[in-house]
Structure formats: C-alpha cells, structure tokens
Amino acid sequence: MPCGDSRAGAARLSLPVRPGYEGIGPSRLRLHGGPVLAELRSRFGDEAAAKVLAGEVVCADGSVVDQVTELPAGAFIYWYRDLPDEVVVPFDVPVLYRDENIVVIDKPHFLATMPRGGHVVQTALVRLRRALGLWELSPAHRLDRLTAGVLVFTARREVRGAYQTMFASGGVSKTYLARSSAGTLAEPVELRNRIVKRRGSLQAVVEPGDVNAVTAVAPLGSGLFQLTPSTGRTHQLRVHMNSLGLPIDGDPLYPTVLDVAAGDFSTPLQLLAHRLAFTDPVTGVEREFVSQRTLAAGP
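In full-length UniProt numbering, the protein residues as written are 1 to 299.
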C-alpha cells in the first residue's frame, strides 16, 4: 500500500514516541526507490527490515510503511533507530535564561549539542527537552562536544528560523576564552585563512584558497587568551590556536590525535564560549549572556 505525499517535508510529522525515546526525533532516510522493505534489508540488514514488519516506519504524511509499500526515488521515510550504548556525562546543564522564544544554557564540557553518531540521549538537546518538557526545543547554533559555555536554543518552531538565520549570517558577537600553557603572544593577532574539515578525518586542516575562517586572538596573561571569531568553521579556534604554536590545553586532536576513553572526563578542553551578544530577531531586545564557568588554572 503506497504512502501519501512521501516527498513532502515532515514539519508536523506525528510518529508515536517509543518508550525511552522521549525528546528524540525520528531519523529521516531518503530512498533509492522501489519496495521499501527490500531496500531497508539491503542497506541496513534484517533489523531494519524488522522495523517495517513491526509498523515502526512511516512516510512523511504519517502513514505506515508495510511489507508491500513501494516508493519512488527521493521519497523520505522516518523511523526510530536503536539507541547506542552511551556513557552518562555527569555534569549539570544550568539554564542562564529562558523565555517563550529561547532557552540559554551554560553547556558543560563533554556534552554534545545535539544527537549525532554515538551521542544521542547524552546531548544538551535531549537532556533539556526532557528536563523542561519543551519538545520543540532546537539549537540555534552549535558548540563542539568538548567546548563549554553559552549555547542558545529556540523554544518554539515558529521562531526557529529567525534565530538560526541570525547565527548563520554572523549577526552575533561571540567571545571565547582559551588556555594554553605552550607560550604567549607579544601582541594581539588576527588569523585569516581557509579551514577544511573532510568527512572521515578527525582533524580540520588549513589549505590554500579563499579565506573562510577569521579569528582575533588576544593574550590576557597567565596562559589565558581571548578569541573573537567572525566566522564559524568546524574546529576553527582549535586549529587557529594550534597554528600559532599555542594548542589549547586538554585538546585531544591538536596537534596530536589522542585516544581518550569514552568515560574519561579528567582532562576537559580548556575552551569556553564565554559571551554572546545580539539583537533579538523576534523582540528587538539587546541580549547579552555570559558563562558562569571558568577555565582550569594552567600547570
């Protein structure tokens, strides 16, 4: 039995929540086309096919995929993947500010912003959805899992685009603090180069080409630095500090990739999203949020 409009977006997709999946949205899969059951078995094995037989896979219109459903190439289906085994991140997620539109938190080190790979329940998004009962909560921007500090979420679907666009377009003033025991700078510098992070590689690299990463770095004394990025490339601040010969203390990727056990929280990356400031795109109010966290003293 075919689905309805299987190419449509799923902005209002209503898929029953499985116990233990509260706050976790379904995964979306673009199909190659043809019998759905056979495709899922071919791509993901018998466990994925079993989800079809159990009625756990739906189309964008909410209709259930069954064993005879056929869909065209490019159609989407939605399902709950099995949750990975996760180590609990044993740190609180303080709320700095909350209103009807946004929730601002002081994210701890080691907690991912949103589900990805082996981090699902142990993410700021899922933990906040469950703690606050805000099921439409969504990140307006992201911080690396190892970076702590100020992180903004939207509380309602209707305002999500306004805040995400503001962050994506550079309409936010960001200040980070970092600690490096490798040395210091005689004066502030601005780094302008091209940073590329390729799929399958743990490290991002600087390459020739058009500038896409800009960071101002100012020494504050005692191994502490103020970082002011005007772009937001993956690992930008970590790459820029390392390029100055000042790798951030506790960094397991730069300059050398280190194997850190999943439950080892002993050496947090000494990078903090210290301050965010912006003109609220919905209310027009001037906003400023400052982390209450501090970086560890240098060795």
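The beta-carbon is built from N, C-alpha and C at its ideal position, and this holds for glycine as well.
- By the criterion of a C-beta distance shorter than 7 Å, E39 is surrounded in its chain by L31, H32, once the five residues flanking it on both sides are discounted.
- Considered as a whole, the stretch 98-154 harbours 124-132 as its complete alpha helix (DSSP H) runs of no fewer than 4 residues, in chain order.
- Of the candidates F265, G223, V260, G223 places its Cα closest to the Cα of I248.
- Given a length threshold of 3 residues, each whole run of the beta strand (DSSP E) inside the stretch 182-261 is given here in chain order: 189-196, 205-207, 213-221, 224-229.
- In this chain, E39 is not harboured by any beta strand (DSSP E); it is covered by the alpha helix (DSSP H) spanning 36-44.
- Nearest Cα to V211 within the set L253, Q270, G232, G221: G232.
- Non-local beta-carbon contacts of R156 in its own chain, meaning distances under 8 Å to residues more than five positions away in sequence, involve E100, N101, E136 in chain order.
- Bounds of the beta strand (DSSP E) holding E288 are 286-290.
- Beta bridge pairing from DSSP links F167 with no other residue.
- By the criterion of a C-beta distance shorter than 7 Å, G250 is surrounded in its chain by T267, P268, L269, Q270, once the five residues flanking it on both sides are discounted.
- Per DSSP, reduced to three states, the secondary structure at A273 is strand.
- When D61, V17, V65, A60 are compared, the shortest CA-CA separation from L37 is found for V65.
- Taking the Cα of V239 as reference, the smallest distance to any Cα among L220, F265, R194 is reached at R194.
- Around the Cβ of L258, a 10 Å sphere holds fewer than 16 other Cβ atoms; the residue is exposed.
- Using a Cβ distance threshold of 7 Å, S27 and W79 count as a contacting pair.
- By the C-beta density criterion, D144 is buried, having at least 16 other C-beta atoms within 10 angstroms.
- In its chain, beyond the 5 residues on either side, F278 have a beta carbon closer than 7 Å to the beta carbon of G171.
- In terms of Cβ geometry, V95 and V152 do not form a close pair [threshold 7 Å].
- Counting along the chain, A178 sits inside the beta strand (DSSP E) bounded by residues 173-179.
- Distance from the CA of V189 to the CA of D106, rounded to the nearest whole angstrom, comes to 28 Å.
- Residues of the same chain with a CB within less than 6 Å of the CB of L185, apart from the 5 flanking positions on each side, are P219 in chain order.
- For a cut-off of 8 Å, the C-beta gap from G25 to R130 is around 13 Å, too long to register as a contact.
- Following the DSSP letters along the chain, one finds S27 inside the beta strand (DSSP E) bounded by residues 27-30.
- In the DSSP secondary-structure assignment, T279 is bridged to E286.
- Sixteen is the threshold: since fewer than 16 other Cβ atoms of the shown chains lie within 10 Å of the Cβ of S169, the residue is exposed.
- Counted as a single uninterrupted DSSP element, the beta strand (DSSP E) harbouring I77 occupies residues 76-79.
- Here R116 is exposed. Its C-beta has fewer than 16 other C-beta atoms within 10 Å.
- Checking the DSSP bridge columns, you'll see L71 partnered with G34.
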